[in-house]
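Heads up: the structure comes next, in structure tokens.
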Amino acid sequence: MGAVNLLFSRLSLLRLLLAGGAVILLSGMLVIGMWVAYEIENAVLRRAGLISSLYVDGILSSHLQSLTTKGQLDEADRRALDRVLSRTELGQHIVAFKIWAPDGRILYSTTPALVGRQFAVKPSLASALAGQVRSERYSLVEPQNEEEHQRWSRLIEIYVPVRAAGTGKIVAAAEFSQTTDDLAQELSAARLRSWLVVSAATVVIFLLLGWLVKRASDTIVAQRGELGEKVSQLTALLAQNKQLHDRVRRAAARTTALNERFLHRIAADLHDGPGQALALALMRMETLAEQCSACRTGVTDDNSVGEEFRTLHAALQGALADLRAVSAGLHLPEIEWLSLADTAHRAVRDYERTAGVAVASTLGSVPAEAPLPVKITLFRLLQESL
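Be aware that the sequence shown starts at 1, since it is given in the numbering used here, and climbs by one per residue.
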């Protein structure tokens, strides 16, 4: 079984289809050829039966009419039958001739010893007595065929009904026994012709099938090649897309890190530049306010210079607080060494500390570690959401 599977696996689709088609066509050719040969044989036998029936009706019937009145042949009819069977063309091909009574008695025979003997009525004889013409190739194994059996192994037996003139009543049955030589030659020629026709038709069908299968196989091979090429192109495109996706992801991560470093630098610049300047201005303003606390402004007598300084001090102090808040918002805490869960908790705690509002947080299952850009994105997302 394994060898058969290996053989089929090595065969191409075209060869498999052609081999299968050849097996099917050969099987069909054999079946059709045998059926045609069988039908030809039956047709030849039927034709022989019809010829014998015409022979009985046209030539022998006039010598058998004594059966309608006497139930048997008289001597004149017997001699007439002997002359007809010995001198006519058809008689030369007949090796035995019998006239059967309905009860199975032989009324006339080319073998005189059989006349008067009674035998069992076999189906072919019964069919003839019922009005049918029966012809068949028959093995000579019955007692009434002992003489013929000594010379031939098989003969063609034809049974024809004998009818009374005028009434058409069946009064007996005639049996013709012919050799199979002529039939064998005719059958051989007919079989040869039928096999040649069937073989030629099979070859033509096989060639047409092979042409169709070849075209289909070429189409399949071409489509398979195109499909393989498209799959290769698609695979290459997928690989390129994966490379581009990785590059975009790495670029986004680098951009996030660069953006955070830029924001950190802005926060440091705000803290070290304007923040320090505002702090220095506040300290110097406090000193001036102490020195000029009793002075009056030149604009109005209602407010002292100290009160004006206090107003300016409050405004500058508010601006410094806002600047520090902006700087703190731009500057992320040290989250590089925190886990993803700790980063989320840190964002919530910073908001609670800044806003003074308690936040209920629930953290599901998250990875223990994550790249820094992911942590930055999570922290900023929570910061903006809160």
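Don't be surprised by glycine CBs; every beta carbon is placed ideally from N, CA and C. Note that this is a predicted model, so its numbers are computed, not measured.
Cα-Cα separation, residue i to residue j
i: Phe379; j: Glu229; result: 47 angstroms
i: Leu209; j: Leu18; result: 8 angstroms
i: Thr202; j: Trp211; result: 14 angstroms
i: Gln132; j: Met29; result: 34 angstroms
i: Ala113; j: Leu187; result: 34 angstroms
i: Arg79; j: Met34; result: 45 angstroms
i: Pro371; j: Leu234; result: 31 angstroms
i: Val248; j: Val213; result: 51 angstroms
i: Leu81; j: Gly21; result: 59 angstroms
i: Arg261; j: Glu384; result: 18 angstroms
i: Leu192; j: Ala200; result: 12 angstroms
i: Leu129; j: Lys169; result: 10 angstroms
i: Ile220; j: Ser232; result: 18 angstroms
i: Leu238; j: Asp246; result: 12 angstroms
i: Gly166; j: Ala190; result: 40 angstroms
Cβ distance (whole Å) where residue i is taken to contact residue j below 8 angstroms
i: Asp77; j: Ser66; result: 5 angstroms
i: Arg346; j: Leu338; result: 6 angstroms
i: Leu340; j: Pro367; result: 6 angstroms
i: Ile40; j: Val198; result: Actually they do not touch by this definition, with Cβ atoms about 12 angstroms apart.
i: Ala355; j: Leu316; result: That belief does not hold up - the Cβ atoms of Ala355 and Leu316 are roughly 25 angstroms apart, past 8 angstroms.
Cβ shell of residue i (< 8 angstroms), same chain only, five flanking positions each side left out
i: Thr300; result: Low confidence applies here, because Thr300 scores a pLDDT of 48, under 50, leaving its location unreliable; read the following figure in that light. Cβ within range, chain order: n/a, list empty.
i: Ile106; result: Lys98, Ile99, Trp100, Leu114, Val115, Gly116, Arg117, Gln118, Phe119 and Gln144
i: Ala48; result: Ser135, Ile156, Ile158, Gln178 and Leu183
i: Leu50; result: Val133
Check: residue i C-beta below 7 angstroms from any heavy atom of the ligand FMN
i: Thr362; result: This structure does not include the ligand FMN; it has no bound ligands of any sort.
Under 8 angstroms between C-beta atoms of residue i and residue j
i: Thr110; j: Phe97; result: yes
i: Leu16; j: Ile205; result: no
i: Val95; j: Ser194; result: no
i: Ser135; j: Ile158; result: yes
i: Glu352; j: Ala358; result: yes
i: Thr255; j: Ile376; result: no
Same chain only: Cβ atoms within 7 angstroms of residue i, ignoring 5 sequence neighbours per side
i: Ala344; result: Leu363, Leu378 and Leu382
i: Leu125; result: Trp100, Tyr159 and Ala173
i: Gly104; result: Gln118, Phe119, Ala120 and Val121
Cβ-based neighbour list, residue i, same chain, cut-off 6 angstroms, excluding 5 preceding and 5 following
i: Asp74; result: Ser66
i: Ala398; result: Residue 398 lies beyond the range of the chain shown here (1 to 386); nothing can be said about it.
i: Ser127; result: Arg134
Any beta strand (DSSP E) of 3 or more consecutive residues that is wholly inside the region 171-252: none
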